[in-house]
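Asks: Numbering (the working numbering), first residue to last: 206 to 374. Glycine included, every Cβ here is placed at the ideal spot set by N, Cα and C.
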Ligand SMILES: CC(C)(COP(=O)(O)OP(=O)(O)OC[C@H]1O[C@@H](n2cnc3c(N)ncnc32)[C@H](O)[C@@H]1OP(=O)(O)O)[C@@H](O)C(=O)NCCC(=O)NCCS
């Protein structure tokens, strides 16, 4: 595919990539069809946006279409209302052997206000899979800043915790 009009395919490359290479931002407006009877956004709609944003970040990193395997620490901190503009941003915290952890933050912007209020945070784990549905190795994450290293160390600790829960649960 290299040099084709679709551009270079990343699929086979295991070159380390920075979290900045895959960082993903989406902006949505909460419309009546996204709301519950209280006039606030359905949790499921926001969760869908979170999953898409995180999946795009993971896909940009691994170069294939990954699958969601685990969602962790999903916390709705403040309500989001009809009319609010919602910014969803996802960034890789760590790339393991075949899986990647993505942190997603959702901020809410009220019409006429410039403030972005942190409304939802979540951590998602994706696995890079091949045509046969089997897990495939992902490129390492290039840890360039103190913040990158801190987020990766926290992700490493959570991975151990999840492995422990899977083996004991
Ligand atoms: C993702 C999937 C292929 C993993 O299969 P598996 O047999 O568990 O594969 P492995 O044991 O080789 O594990 C692969 C990776 O997934 C990770 N993993 C598996 N289950 C996990 C869980 N519950 N939480 C976090 N990570 C998990 C493993 O730690 C491993 O990561 P690593 O290689 O980076 O260390 C399989 O569980 C699957 O197809 N699940 C359905 C996914 C799906 O349909 N998602 C919704 C739609 S996108």
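How is the beta strand (DSSP E) around residue 327 delimited, first residue to last?
Replies: Numbered from its first residue, the chain shown carries residue 327 at position 122. Residue 327 -> beta strand (DSSP E) spans 322–333.
Asks: Can the beta-carbon of residue 294 be found closer than 8 Å to that of residue 230?
Replies: Along the chain shown, one-based indexing puts residue 294 at 89. Along the chain shown, one-based indexing puts residue 230 at 25. Yes. Within cutoff.
Asks: Note the first and the last residue of the continuous alpha helix (DSSP H) segment covering residue 227.
Replies: Here residue 227 is taken as the residue at index 22 of the chain shown, counted from 1. Per DSSP, residue 227 belongs to the alpha helix (DSSP H) from 224–227.
Asks: With 16 as the cutoff for other CB atoms within 10 Å, does residue 377 come out buried or exposed?
Replies: Residue 377 lies beyond the stretch modelled for the chain, which goes from 206 to 374, so this question has no answer here.
Asks: Which whole-angstrom value is the C-beta distance of residue 281 and residue 305, which I expect to be below 8 Å?
Replies: As a position in the chain shown, residue 281 is number 76, starting the count at 1. As a position in the chain shown, residue 305 is number 100, starting the count at 1. Incorrect: roughly 24 Å between the Cβ atoms, too far for contact.
Asks: For a quick check, are the C-beta atoms of residue 298 and residue 356 less than 8 Å apart?
Replies: Translated into the one-based positions of the chain shown, residue 298 becomes position 93. Translated into the one-based positions of the chain shown, residue 356 becomes position 151. Taking 8 Å as the Cβ cut-off, residue 298 and residue 356 qualify as a contacting pair.
Asks: Assign residue 218 to one of two classes, buried (16 or more other C-beta atoms within 10 Å of its C-beta) or exposed (fewer than that).
Replies: Looking up residue 218 in the chain shown gives position 13. Residue 218 comes out exposed.
Asks: For residue 275, which residues does DSSP report across the bridge?
Replies: Indexing the chain shown from 1 puts residue 275 at position 70. Partner(s): 330.
Asks: May I ask you to report which of helix, strand or coil DSSP gives residue 318?
Replies: As a position in the chain shown, residue 318 is number 113, starting the count at 1. In the structure shown, residue 318 sits in coil (DSSP, three-state: anything other than H, G, I, E or B).
Asks: Leaving out five residues on either side along the sequence, give the residues of the same chain with a beta carbon under 8 Å from the beta carbon of residue 236.
Replies: Here residue 236 refers to the residue found at position 31 when the chain shown is read from its first residue. For residue 236, where only same-chain residues beyond five positions count, the Cβ hits under 8 Å are 287.
Asks: What did DSSP end up calling residue 295 once you bin it into helix, strand or coil?
Replies: The residue labelled residue 295 in the question sits at position 90 within the chain shown. Strand, per DSSP.
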